[in-house]
Amino acid sequence: VNPVQGKLEMNDGRTEVDRVGVTEPIEIFHNGTVVNHQFEILYMGFDIACPINNFPGLDLHAKLGIVITGITSKCDNGNGRNLNNHVEATKEVSKVPEELNIPITTKE
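Offset between the sequence shown (1-based) and my numbering: plus 2.
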């Protein structure tokens, strides 16, 4: 791990976490794709019930050709009203076949 200093702001816009370091490039294999990727190491605190925090970023997803599908197009705003202004603009995407649902592994 190459030490770095600073903080990263999380997506919620209210939470900052301390940076610890960045890994050397690690070779990642997924579904026939091989990429080299550096991982950011963050201090997320310690929870004995869940001692490992892993947040693979969308940059890694893009390199591996992983996409997010099935995101809801209807949201409840908390007032009981359904926010579906853009439902017409969304398309339903078919589910990923089980044979393509392959876990990411690293070369050891």
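For each residue, glycine too, the CB sits at the ideal point set by N, CA and C.
Check: What are the start and end residues of the beta strand (DSSP E) that includes His20?; Outcome: According to the sequence shown, residue 20 is Asp rather than His. Glu18 to Val24 is the extent of the beta strand (DSSP E) around Asp20.
Check: Report buried or exposed for Ile50, applying the criterion of at least 16 other Cβ atoms within 10 angstroms of its Cβ.; Outcome: exposed
Check: Compute the Euclidean distance between the alpha carbons of Arg127 and Glu11, then round it to the nearest angstrom.; Outcome: Past the edges of the chain, shown from 3 to 110, lies residue 127, and the structure says nothing about it.
Check: Pick out whichever of Gly72, Pro58 and Ile70 has its Cα sitting closest to the Cα of Glu42.; Outcome: Pro58
Check: Would you mind sorting Ile30 into buried or exposed? The rule is 16 or more other CB atoms within 10 Å of its CB.; Outcome: buried
Check: Could you name the residues that DSSP lists as bridge partners for Cys9?; Outcome: Looking at the sequence itself, residue 9 is Lys, so the reference to Cys does not match. In the DSSP output, where bridge partners are listed per residue, Lys9 has Asp20.
Check: How about Leu44 and Val69: do their beta carbons lie closer than 8 Å?; Outcome: no
Check: Comparing alpha-carbon positions, which option in Gly34, His32 and Ile28 lies nearest Gln40?; Outcome: Ile28
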